[in-house]
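Visitor:
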């Protein structure tokens with residue numbers, strides 16, 4: 001393996017990186033030596049981003065660095081854990097110092113914010129691909145899982161879904177010239193806000209830790225709201241009902257629908273099936289409604305549905321609306337939203 | 001990410017995989033929940049294999065699965081640790097069930113042998129690339145490092161270097177037709193043995209743990225003997241002298257030199273600069289010579305040189321021979337063996 005680039009990255013990371021006291025030995029030996037706290041479980045997560053699959057070719061290096069860490073921190077958040085250490089396996093087509101510097105900046109700024117140390121990894125020449133692993137801590141036996149939700153729990157979300165998919169659509173407009181010109185309309189503040197939701201997602205780490213005391217189950221929205229809720233419901237042995245009118249829409253997405261940049265049904269598709277939001281979806285039992293009300297009052301979370309008993313032969317997710325015509329549209333979608341985001 | 005292949009892999013791994021009691025929750029949620037033992041440090045290692053770079057295109061899937069885990073276990077061994085958990089980030093050009101099954105078999109058999117659980121990972125479509133991370137344990141504060149060797153320590157190796165490079169040369173003969181026909185000669189048992197040393201390297205985990213009580217520094221030979229010894233010497237602030245006549249040559253490599261498959265200087269280059277052996281190189285101080293003698297008597301290790309004071313302006317590694325003509329050849333090599341295997 002050519003070590004040159006990793007040394008380059010290591011230099012940028014050392015300049016901006018986070019030094020934790022529990023890292024006995026970091027990058028530079030055969031392995032890192034790490035000292036976990038006693039009384040805690042470890043949470044290990046792993047996610048790979050590939051150019052052209054998980055982000056558009058030519059995406060800004062700083063965004064790529066940010067997202068590569070953020071998608072992993074989001075998984076840590078969904079378990080209610082605190083992140084600590086990261087590993088980076090970077091495959092690069094060439095040693096482009098400016099690109100690597102920006103990549104390291106995007107990664108490091110987020111790592112610093114959440115006190116995550118880069119403790120190892122390697123660099124290989126090949127198509128642009130970023131593999132990241134993060135290890136975090138959670139007190140023994142209390143980590144949040146997808147399983148654990150019960151009928152009667154309410155379904156909640158930590159932010160406005162669909163924004164990242166809308167932002168990605170603005171970055172990579174459809175090939176049709178008409179769509180391109182339509183995409184170019186709309187107020188610039190909203191356009192910038194949606195693009196930022198794709199390029200710089202916010203892992204909900206603080207909320208994840210608060211949910212340890214409140215939630216019965218949790219998942220992060222990476223593949224699409226309805227599909228990911230389907231996974232939580234299936235793991236919990238329940239069915240989920242999403243009340244479409246309760247799913248929050250960001251003012252930015254609403255503005256671009258008003259301006260005609262997106263059609264209404266396009267916006268609904270972003271919200272229900274668009275991925276990359278990295279918001280948390282979680283379930284709260286009746287006895288914790290008061291604690292939930294506090295989070296709602298702070299504007300951090302929205303109740304968007306409920307878990308019910310699973311009926312044999314019915315889908316894990318149903319989206320319900322008060323508008324009969326729209327309900328017919330939703331019902332006509334292939335059997336269930338489980339297929340979305342797959 | 002298409003989940004299909006990972007579910008496929010997960011199925012093969014579940015059939016043959018290792019279940020550890022300290023894995024509270026494995027593959028299938030946002031993250032794995034792991035319970036580390038108290039009183040231990042964690043060792044985290046990460047290594048990526050790329051088709052055409054780290055193994056020949058079209059290599060047997062079982063070998064690829066074995067090597068992807070073995071190179072990481074070798075890093076764990078070099079720290080004197082016991083492996084426990086692994087993560088797998090697999091990029092595949094297509095979902096080829098037969099290939100995946102063989103890959104999983106190669107990975108799983110080695111994982112079972114060393115009681116390593118696969119606890120997470122992901123699958124992405126793209127050029128064949130395998131990223132593996134392994135986490136292991138070592139008692140607080142005793143992990144072996146590259147730094148720690150002192151002048152007067154003897155340099156040792158756990159096996160015969162150069163075999164893997166010779167095996168790779170047999171697998172991927174030079175383009176020249178003469179070389180191809182030469183490569184096809186030689187006794188088949190030796191050819192098979194050398195190819196196996198490349199395709200199925202043995203991580204020296206048991207020896208690594210024994211070295212905790214004996215060695216001052218350790219590294220695994222992945223990039224080439226002289227270059228890797230140079231890294232150990234540099235990290236230890238010393239210089240290393242390798243006595244060429246003490247470096248063990250396998251009977252298989254010796255046989256193929258006798259048969260004219262490899263020239264003598266080619267064999268020397270494999271031994272000194274060929275990578276992929278995954279043997280351990282370590283340093284032993286005078287006070288532990290007796291314990292070392294026991295390992296030597298078992299035929300597990302060979303003394304091949306010594307650490308000396310580093311002199312300003314001299315290379316970190318010198319290869320010494322009793323044959324004056326060969327010494328001139330070695331001295332004429334560019335400044336030091338540090339460059340080998342880069």
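Chains as they are written, first to last, in our numbering: chain A, 1 to 342; chain B, 1 to 342.
All C-beta atoms, glycine included, are put in the ideal place defined by N, C-alpha and C.
Remember, it's a predicted structure, so these values are computed and weren't measured experimentally.
1) Where residue 317 of chain B and residue 107 of chain A are concerned, what is the direct C-alpha to C-alpha distance, given to the nearest angstrom?
2) Would you verify that the beta carbon of residue 249 of chain A is, or is not, closer than 8 Å to some beta carbon of chain B?
3) Who are the near neighbours of residue 283 of chain B in its chain, counting only those whose CB is closer than 8 Å to its CB and skipping five residues on each side?
4) Give me, in chain order, the residues of the same chain whose beta-carbon lies closer than 7 Å to that of residue 89 of chain B; leave out the 5 immediate sequence neighbours on both sides.
5) Can you look up residue 51 of chain A in the DSSP assignment and give me helix, strand or coil?
6) Thinking C-alpha only, which one of B:212, B:65, B:221 is nearest residue 142 of chain B?
7) Taking residue 228 of chain A as part of the alpha helix (DSSP H), name the residues at either end of that continuous run.
8) Step through the CB atoms of chain B and report whether any lies within less than 8 Å of the CB of residue 317 of chain A.
9) Going along chain B in order, which residues have a C-beta closer than 7 Å to the C-beta of residue 31 of chain A?
10) Have a look at A:208, A:248, A:245 and flag the residue whose alpha-carbon is nearest the alpha-carbon of residue 78 of chain A.
11) Mapping the DSSP letters down to three states, classify residue 144 of chain A as helix, strand or coil.
12) Using a Cβ cut-off of 9 Å, which residues of the stretch 116-130 of chain B contact any Cβ in chain A, in chain order?
13) Give every residue of the same chain whose Cβ lies closer than 6 Å to the Cβ of residue 347 of chain B, excluding the five residues on either side of it in the sequence, and list them in chain order.
14) Would you call the stretch 37-50 of chain A and the stretch 70-86 of chain A in contact, with 3 or more CB pairs under 8 Å?
15) Put residue 166 of chain B into one of helix, strand or coil per three-state DSSP.
16) Mind checking if residue 85 of chain A is an interface residue toward chain B, Cβ cutoff 8 Å exclusive?
17) Check whether the Cβ atoms of residue 193 of chain B and residue 252 of chain B sit closer than 8 Å, and answer yes or no.
18) So, at 7 Å on beta carbons, what are the nonlocal neighbours of residue 245 of chain B in its own chain, with the 5 sequence-adjacent residues on each side left out?
19) Shorter than 8 Å from the beta carbon of residue 210 of chain B to some beta carbon of chain A?
20) Taking 8 Å as the threshold, find out whether the stretch 192-206 of chain A comes into contact with the stretch 59-74 of chain A through three or more Cβ pairs.
21) Which residue wins for smallest C-alpha separation from residue 257 of chain B, given the options B:287, B:185, B:319?
22) Identify the contact partners of residue 82 of chain B in chain A, using a Cβ-Cβ distance below 8 Å as the criterion.
23) List the residues of chain B that residue 71 of chain A touches, going by C-beta distances under 8 Å, in chain order.
24) At what residues does the alpha helix (DSSP H) containing residue 115 of chain A begin and finish?
25) So, using beta-carbon positions, are residue 126 of chain A and residue 127 of chain B closer together than 8 Å?
26) Helix, strand or coil: how does DSSP classify residue 193 of chain A here?
27) Compare the C-alpha of residue 61 of chain A against each of A:262, A:99, A:224 and name the closest.
28) Excluding the 5 residues flanking residue 288 of chain B on each side, which residues of the same chain have their C-beta closer than 7 Å to its C-beta?
29) List, from N- to C-terminal side, the alpha helix (DSSP H) runs of 4 residues or more that fit wholly inside the stretch 55-127 of chain B.
30) Helix, strand or coil for residue 131 of chain B, going by three-state DSSP, please let me know.
31) Using a Cβ cut-off of 9 Å, which residues of the stretch 195-229 of chain B contact any Cβ in chain A, in chain order?
32) Counting only C-beta atoms, is residue 57 of chain B closer than 8 Å to chain A at any point?
33) So residue 27 of chain A and residue 35 of chain A are in contact, right, with Cβ under 8 Å, and what is the actual spacing, rounded?
34) Would you please verify whether the beta carbon of residue 306 of chain A is less than 8 Å from any beta carbon of chain B?
35) Taking only beta-carbon atoms, is residue 24 of chain A less than 8 Å away from chain B?
36) Using the C-alpha atoms, what's the distance from residue 117 of chain B back to residue 344 of chain B?
Guide: Per the coordinate set shown:
1) Between residue 317 of chain B and residue 107 of chain A, the C-alpha separation is close to 37 Å.
2) Cβ-Cβ to chain B under 8 Å: no for residue 249 of chain A.
3) Cβ neighbours of residue 283 of chain B beyond the five flanking positions: 148, 149, 150, 153, 154, 155, 156, 215, 216, 217, 218, 232, 236, 307.
4) Closer than 7 Å at Cβ, skipping near neighbours: 121, 122, 131.
5) Looking at residue 51 of chain A - three-state DSSP - the assignment turns out to be strand.
6) Closest option to residue 142 of chain B, Cα to Cα, is B:212.
7) Taken as a continuous stretch (DSSP letters only), the alpha helix (DSSP H) holding residue 228 of chain A covers 225-236.
8) No - not a single Cβ of chain B is within 8 Å of the one on residue 317 of chain A.
9) For residue 31 of chain A, the C-beta contacts it makes with chain B under 7 Å involve 43, 44, 45, 75, 76, 79, in order along the chain.
10) When A:208, A:248, A:245 are compared, the shortest CA-CA separation from residue 78 of chain A is found for A:208.
11) Correct three-state label for residue 144 of chain A: coil.
12) Here the close residues are 119, 120, 121, 122, 123, 124, 125, 126, 127, 129.
13) An answer regarding residue 347 of chain B cannot be provided, because it is not within the stretch 1 to 342 covered by chain B.
14) Verdict: yes, contact present.
15) Note: residue 166 of chain B maps to helix in three-state DSSP.
16) Residue 85 of chain A counts as touching chain B.
17) Yes, these two residues count as a Cβ contact at 8 Å.
18) Here the set comprises 321, 322.
19) The beta carbon of residue 210 of chain B sits no closer than 8 Å to any beta carbon of chain A.
20) At 8 Å Cβ cutoff, the stretches touch.
21) In terms of CA proximity to residue 257 of chain B, B:185 leads the group B:287, B:185, B:319.
22) Residues of chain A passing the Cβ test: none, with the nearest at roughly 12 Å.
23) The contacting residues do not exist; residue 71 of chain A stays about 10 Å from chain B at best.
24) From DSSP, residue 115 of chain A is part of no alpha helix (DSSP H); its letter is neither H nor E.
25) In contact: residue 126 of chain A and residue 127 of chain B (Cβ atoms closer than 8 Å).
26) Here residue 193 of chain A carries a helix assignment [DSSP, helix/strand/coil].
27) Across the set A:262, A:99, A:224, the C-alpha of A:99 shows the shortest separation from the C-alpha of residue 61 of chain A.
28) Answer for residue 288 of chain B: 214, listed in chain order.
29) Secondary structure within the stretch 55-127 of chain B: the alpha helix (DSSP H) runs of 4 or more consecutive residues, fully enclosed, are 61-78, 97-113 (chain order).
30) In this structure, residue 131 of chain B counts as strand in the three-state DSSP scheme.
31) Answer set for the stretch 195-229 of chain B: 218, 219, 220, 222, 223.
32) Not closer than 8 Å to any Cβ of chain A, the Cβ of residue 57 of chain B fails to qualify, so no.
33) The Cβ separation is near 16 Å, so there is no contact.
34) Contacts with chain B at 8 Å (Cβ-Cβ) do not include residue 306 of chain A.
35) Closer than 8 Å: yes.
36) Past the boundaries of the shown model lies residue 344 of chain B; chain B is included only from 1 to 342, so the question cannot be answered.
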